[in-house]
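Residue numbers (the numbering used here): 115 to 490.
Rendered as structure tokens:
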């Protein structure tokens with residue numbers, strides 16, 4: 115298992131460790147053990163990181179203003195959907211205001227409907243006035259015909275037409291009254307609906323809704339507590355999908371790349387090891403810690419405990435073959451003594467990672483024989 119190959123070097127200063135499988139073979143230099151044949155070794159280099167495991171997507175839900183918790187509608191472990199109301203804040207008076215405003219809207223709409231008592235009363239008057247007008251009009255027409263044959267006087271005929279015209283005026287007035295009343299009732303509907311919208315909007319500011327569909331992992335406050343816009347009340351996150359939020363030392367951030375493999379351990383599963391993959395690198399350093407934040411998606415299907423601490427190693431070079439020599443064969447820190455004929459030569463080299471008493475070098479060929487500096 116990977117754990118058997120972990121070597122942590124200078125963890126408190128650089129927080130870098132090397133995962134290495136190195137067969138350290140010292141070669142004898144004639145009879146003095148001062149010669150070494152340069153060989154390849156396979157190493158895995160990683161950057162140490164610490165952090166926590168969290169759901170792949172999560173939110174700490176907060177109110178929009180300072181208020182009191184009126185009601186918490188969910189329990190820890192409940193599954194919720196995006197947009198669902200989880201917490202009601204404010205006071206019970208506001209709920210009553212919404213109910214009353216809703217009732218006013220319902221009454222106003224009923225007054226404009228087919229069964230409206232107000233409109234039905236006017237319509238009944240219209241029907242009666244219409245019947246009266248038709249009766250008066252018929253009489254007027256009959257008297258006009260009689261006046262032609264002088265059965266009735268011209269004045270009597272004109273009086274009947276005046277009665278019919280008055281009946282028509284009353285009918286028209288009632289119809290206008292009906293139209294005006296209906297428009298007034300429609301305006302009342304709009305007014306009550308606007309009042310309901312305003313109250314509901316105010317009420318909406320006193321509700322806390324879930325931004326995502328997922329599990330309620332924790333409820334941080336209780337009913338009756340006073341909270342403000344910076345106070346988290348609940349933590350909601352996706353289930354069965356987790357990621358790491360890791361802190362990387364500013365001196366190591368340039369080594370981190372998207373797609374790198376991460377090996378991690380967590381105290382909640384002390385005897386297990388898990389893998390993850392770097393998915394996001396936050397480019398802005400956190401000033402208070404001098405660390406960069408890095409995210410990694412966990413590939414394992416294990417159900418983790420959100421915000422549990424983890425220690426991780428980010429593989430920055432995996433299973434690479436490098437040339438390594440014993441550290442004490444390094445000459446002046448930047449060269450080696452190459453055994454050659456007719457005389458030995460000092461060859462400049464570049465050094466890399468150091469593992470125990472071995473160090474990576476570049477600038478010399480595999481199989482070269484080098485000497486200890488004291489054995490020139």
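Each residue gets a CB set at the ideal place from its N, CA and C atoms; glycine is no exception.
This structure is a prediction, so every number in the text was calculated from the model and none was measured.
Range of the contiguous beta strand (DSSP E) that encloses residue i
| i | result |
| --- | --- |
| residue 273 | From DSSP, residue 273 is part of no beta strand (DSSP E) but of the alpha helix (DSSP H) over 268-318. |
| residue 156 | 153-169 |
| residue 386 | 383-395 |
| residue 329 | 328-333 |
| residue 345 | Careful: residue 345 lies outside any beta strand (DSSP E) and carries neither H nor E. |
| residue 376 | 375-380 |
| residue 365 | Run containing residue 365: none; DSSP gives neither H nor E here. |
| residue 437 | 422-440 |
| residue 201 | 199-203 |
| residue 476 | 472-476 |
| residue 451 | 449-452 |
| residue 322 | 321-323 |
Run of the alpha helix (DSSP H) containing residue i, from where it starts to where it stops
| i | result |
| --- | --- |
| residue 182 | Here residue 182 belongs to no alpha helix (DSSP H); instead the beta strand (DSSP E) covers 181-186. |
| residue 250 | 231-262 |
Beta-carbon proximity check, residue i vs residue j, cutoff 9 Å
| i | j | result |
| --- | --- | --- |
| residue 261 | residue 270 | yes |
| residue 313 | residue 211 | yes |
| residue 468 | residue 158 | no |
| residue 428 | residue 386 | no |
| residue 392 | residue 176 | no |
| residue 328 | residue 462 | no |
| residue 299 | residue 232 | yes |
| residue 277 | residue 301 | no |
| residue 104 | residue 443 | A query on residue 104 cannot be resolved here, the shown segment of the chain reaching from 115 to 490 and no further. |
| residue 473 | residue 460 | no |
| residue 388 | residue 414 | yes |
| residue 167 | residue 380 | yes |
| residue 330 | residue 188 | yes |
| residue 190 | residue 422 | no |
Status (buried if at least 16 other CB within 10 Å, exposed otherwise) for residue i
| i | result |
| --- | --- |
| residue 304 | exposed |
| residue 445 | buried |
| residue 245 | exposed |
| residue 336 | exposed |
| residue 402 | exposed |
| residue 376 | buried |
| residue 250 | buried |
| residue 455 | exposed |
| residue 165 | buried |
| residue 179 | exposed |
| residue 475 | buried |
| residue 274 | buried |
| residue 479 | exposed |
| residue 204 | buried |
| residue 356 | buried |
| residue 264 | exposed |
| residue 183 | buried |
| residue 297 | exposed |
| residue 477 | exposed |
| residue 382 | exposed |
| residue 155 | buried |
| residue 306 | buried |
| residue 242 | exposed |
| residue 195 | exposed |
| residue 378 | buried |
| residue 372 | exposed |
Bridge partner(s) assigned by DSSP for residue i
| i | result |
| --- | --- |
| residue 177 | According to DSSP, which records beta bridges pairwise, residue 177 is partnered with nothing at all. |
| residue 483 | 151 |
| residue 400 | 405 |
| residue 463 | For residue 463, which the question treats as bridged, DSSP gives no partner whatsoever. |
| residue 359 | 166, 409 |
| residue 193 | 329 |
| residue 340 | 182 |
| residue 443 | Partner(s): none; residue 443 has no beta bridge. |
| residue 351 | 172, 329 |
| residue 468 | 473 |
* contact_flag[the stretch 363-377, the stretch 394-401] where n(CB pairs < 8 Å) is 3 or more -> yes
* Please determine if the stretch 340-360 and the stretch 216-224 are in contact, where contact requires at least 3 C-beta pairs separated by less than 8 Å. => no
* Hey, is the stretch 232-245 in contact with the stretch 321-333, meaning 3+ C-beta pairs nearer than 8 Å? -> no
* Given 8 Å as the limit, is there contact between the stretch 480-487 and the stretch 146-155, that is, 3 or more CB pairs closer than that? -> yes
* Asked: At a cut of 8 Å, does the stretch 403-417 reach the stretch 435-445 through at least three beta carbon pairs?
  -> no
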